[in-house]
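Trainee: Provided herewith is a single structure, encoded as structure tokens, for subsequent inquiry.
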Amino acid sequence: MAVFKRFISGVCAATLVAGLTVSAATAQEPDTQPESIWSHDLSGLMLPATLAGFERGQSKQFDKDGYNVGVAFKDDASGSWADLFIYRASPASVPIWGDRAVAGMFANPVLGEVDVDAVRIMPFTPPNNAGEKSGLKVLAPLQNDLTASGLAMYMHDGWLIKLRMTSRKLDIVALEARMADFIAGLKLSPAARPAPTFVDILDCPTPLKPGKKARLIQLDMMGSIMLGATLGAAHEEKAEADNQGDDSSARDSVWCRDPASQPQFGIYRRGADEDSYLIALGDVGTSLAVGRYDLGPLMKPTRGYLVTQSDGVTEQVYPPFDRLPLPGQVLGLPGNVDAVFSAGLMPGNNTGTTIMVPGG
Numbered sequence: 001m002a003v004f005k006r007f008i009s010g011v012c013a014a015t016l017v018a019g020l021t022v023s024a025a026t027a028q029e030p031d032t033q034p035e036s037i038w039s040h041d042l043s044g045l046m047l048p049a050t051l052a053g054f055e056r057g058q059s060k061q062f063d064k065d066g067y068n069v070g071v072a073f074k075d076d077a078s079g080s081w082a083d084l085f086i087y088r089a090s091p092a093s094v095p096i097w098g099d100r101a102v103a104g105m106f107a108n109p110v111l112g113e114v115d116v117d118a119v120r121i122m123p124f125t126p127p128n129n130a131g132e133k134s135g136l137k138v139l140a141p142l143q144n145d146l147t148a149s150g151l152a153m154y155m156h157d158g159w160l161i162k163l164r165m166t167s168r169k170l171d172i173v174a175l176e177a178r179m180a181d182f183i184a185g186l187k188l189s190p191a192a193r194p195a196p197t198f199v200d201i202l203d204c205p206t207p208l209k210p211g212k213k214a215r216l217i218q219l220d221m222m223g224s225i226m227l228g229a230t231l232g233a234a235h236e237e238k239a240e241a242d243n244q245g246d247d248s249s250a251r252d253s254v255w256c257r258d259p260a261s262q263p264q265f266g267i268y269r270r271g272a273d274e275d276s277y278l279i280a281l282g283d284v285g286t287s288l289a290v291g292r293y294d295l296g297p298l299m300k301p302t303r304g305y306l307v308t309q310s311d312g313v314t315e316q317v318y319p320p321f322d323r324l325p326l327p328g329q330v331l332g333l334p335g336n337v338d339a340v341f342s343a344g345l346m347p348g349n350n351t352g353t354t355i356m357v358p359g360g
């Protein structure tokens with residue numbers, strides 16, 4: 001975890017505005033008031049009115065379909081409060097989204113000066129068969145009017161569960177105990193596919209090498225159809241493998257953090273791979289994955305690079321680049337360039353695909 005602490009130290013030294021990674025979404029419906037039992041039908045999570053000494057407060061839905069929700073808690077006696085989030089994420093990786101959450105946490109000026117050497121970082125085993133040592137827990141003593149703040153995160157059958165807890169009275173030992181009690185009280189059905197053991201993200205040995213600026217390839221109708229059909233076939237093959245219980249595609253990769261990462265977004269690569277990379281946007285579960293494609297004689301140009309945007313619920317693929325695009329080019333796609341393909345990712349719900357053609 002020493003590398004993680006060096007990363008935190010770098011984030012704490014940054015002068016970027018905090019709060020960029022807390023939530024990229026706006027509530028889609030009014031706050032809901034507490035009831036005796038709060039339930040999230042999509043994940044099966046059930047929350048009582050009080051949990052580990054915390055009173056449950058309002059809940060918010062950050063998307064129109066309920067795949068991204070948050071619930072507030074408070075404990076006036078200990079001067080503590082907590083926020084619980086449950087949402088889909090792509091990739092389904094605690095190392096990546098934990099890395100992003102930590103970056104946002106320690107870029108927040110509300111926490112004040114943080115003694116990095118006193119920060120505690122540890123894996124933990126979440127409840128409900130979610131995976132041995134698959135979760136991440138981070139606790140920090142604070143030196144202002146707050147005494148401690150903590151973060152815990154784990155995956156449960158494709159749902160990312162994130163707990164943030166802060167106190168004006170508890171030290172990190174007491175806060176960790178409260179976090180452990182809180183997590184133990186989360187009611188979910190046993191996970192069908194336990195998540196892999198948490199693996200710390202290391203710094204990439206070398207930075208991503210910038211090359212010439214990539215050019216977007218303008219696809220005609222036939223090129224769009226051929227590319228979309230190929231992507232659709234790959235999507236169906238993966239969905240079939242998932243339905244048959246083959247979770248190899250869900251196993252977490254060993255990632256490294258590119259030095260160009262910022263508190264508001266992170267750039268990650270698999271090992272020393274310099275031919276593909278992933279940009280994680282904040283810690284809200286949305287990513288932009290860049291990778292090579294080769295369609296042989298099916299279309300021209302036969303080779304290039306595709307960018308796939310995904311939030312774990314749906315994905316969309318943008319027109320190809322002729323060479324590996326720079327991160328700035330990739331970040332400029334959403335909202336500015338139309339996708340050529342989209343697909344639903346939730347089994348038994350929205351798994352359909354759509355091919356977009358020019359002028360369609």
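Residue numbering for the sequence shown is 1 to 360, as defined by this note's numbering. In this text, a Cβ means the ideal position worked out from N, Cα and C, and glycines have one as well.
#1: Out of A174, N129, G158, P127, which has the shortest C-alpha to C-alpha gap to G150?
#2: For the segment 116-128 against the segment 80-87, are there 3 or more C-beta pairs whose distance is under 8 Å?
#3: Are G285 and W159 closer than 8 Å when you measure CB to CB?
#4: Assuming the contact rule is C-beta atoms closer than 8 Å, I201 and A152 should be a hit. Round their C-beta distance to whole Å, please.
#5: Name the one or two DSSP bridge partners that K60 has.
#6: Let me know the alpha helix (DSSP H) ranges lying completely inside the segment 157-234, each 4 residues or longer, listed in chain order.
#7: Take S373 and list the residues in its own chain whose beta-carbon comes closer than 8 Å to its own, dropping the five residues that flank it on each side.
#8: Which same chain residues end up closer than 7 Å to G228 when comparing Cβ atoms and leaving out the 5 residues on each side of it in sequence?
#9: Which residues bound the beta strand (DSSP E) around A343?
#10: Determine the closest residue to L324 out of G57, Q61, N336, G304, with distance taken between C-alpha atoms.
#11: Does R100 come out as helix, strand or coil in the three-state DSSP assignment?
#12: In whole angstroms, what is the alpha-carbon distance linking G211 and M155?
#13: Could you tell me whether the Cβ atoms of G185 and N144 are closer together than 8 Å?
#14: Can you pull the DSSP bridge partners for E274?
#15: Taking the DSSP output, what are the residues bridged to T308?
#16: CB-CB under 6 Å to A280, same chain, minus the five flanking residues each way: which ones, in chain order?
#17: In angstroms, rounded to a whole number, what distance separates the CA positions of R215 and P334?
#18: K137 to Y277, Cα distance in whole Å?
#19: What residue range does the beta strand (DSSP E) around G135 cover?
#20: Cα separation between L208 and I37?
#21: Taking only the alpha-carbon atoms, compute the straight-line gap between A24 and P347 and give it to the nearest angstrom.
#22: Who pairs with S78 in a beta bridge, going by DSSP?
#23: My output table needs one value for M46: the three-state DSSP class, helix, strand or coil.
#24: Relative to the C-alpha of T353, which candidate in P327, V317, A289, L331 has its C-alpha closest?
#25: How big is the Cα-Cα spacing for A192 and G131?
#26: Quick check: what's the CA-CA separation for G344 versus V313?
#27: Just to confirm the assignment, what range does the alpha helix (DSSP H) spanning P327 have?
#28: Pick helix, strand or coil for M105, following the three-state DSSP scheme.
#29: Please look up how many angstroms separate the CB atoms of C204 and A289, rounded, as I've assumed it's under 8 Å.
#30: State the DSSP-derived secondary structure class of P127, mapped to helix, strand or coil.
#31: What is the rounded straight-line gap between the Cα of H40 and the Cα of R292?
#32: Here's a check: name, in chain order, each residue in its chain whose Cβ is nearer than 8 Å to the Cβ of G57, leaving out the five neighbours to either side.
#33: Applying the criterion that 16 or more other CB atoms from any shown protein chain within 10 Å of the CB defines a buried residue, is E29 buried or exposed?
#34: What residue does the beta strand (DSSP E) around R257 start on, and which one ends it?
Mentor: Working from what's here:
#1: A174
#2: Under the 8 Å Cβ criterion, the segment 116-128 does not count as touching the segment 80-87, having fewer than three qualifying pairs.
#3: no
#4: Contact flag wrong, Cβ pair sits at about 17 Å.
#5: G70
#6: List check, alpha helix (DSSP H) in window: 172-184.
#7: Any property of residue 373 remains undetermined from this structure, which presents the chain solely from 1 to 360.
#8: Cβ within range, chain order: V340, F341, I355.
#9: 341-344
#10: Out of G57, Q61, N336, G304, G304 has the C-alpha closest to the C-alpha of L324.
#11: In the structure shown, the three-state DSSP call for R100 is helix.
#12: Straight-line Cα distance between these residues: approximately 36 Å.
#13: no
#14: The partner list for E274 (beta bridge, DSSP) is empty, contrary to what the question assumes.
#15: A289, V317
#16: I96, R100, G266, S287
#17: 16 Å
#18: 26 Å
#19: Unbroken beta strand (DSSP E) run through G135: 135-141.
#20: 49 Å
#21: Low confidence applies to A24: its pLDDT is 36, below 50, so where it sits in the model is not reliable enough to give any reading.
#22: None, per the DSSP bridge assignment.
#23: strand
#24: V317
#25: The alpha-carbon atoms of A192 and G131 are separated by roughly 10 Å.
#26: 6 Å
#27: 327-331
#28: helix
#29: Not really, about 16 Å apart at Cβ, beyond 8 Å.
#30: Here P127 sits in coil by DSSP.
#31: 38 Å
#32: Excluding sequence neighbours, G57 sits near P34, V71, A72, F73, K74.
#33: For E29, the predicted structure reports a pLDDT of 47, less than 50, and the residue's modelled location is therefore unreliable. The matter cannot be settled from this model.
#34: 255-257
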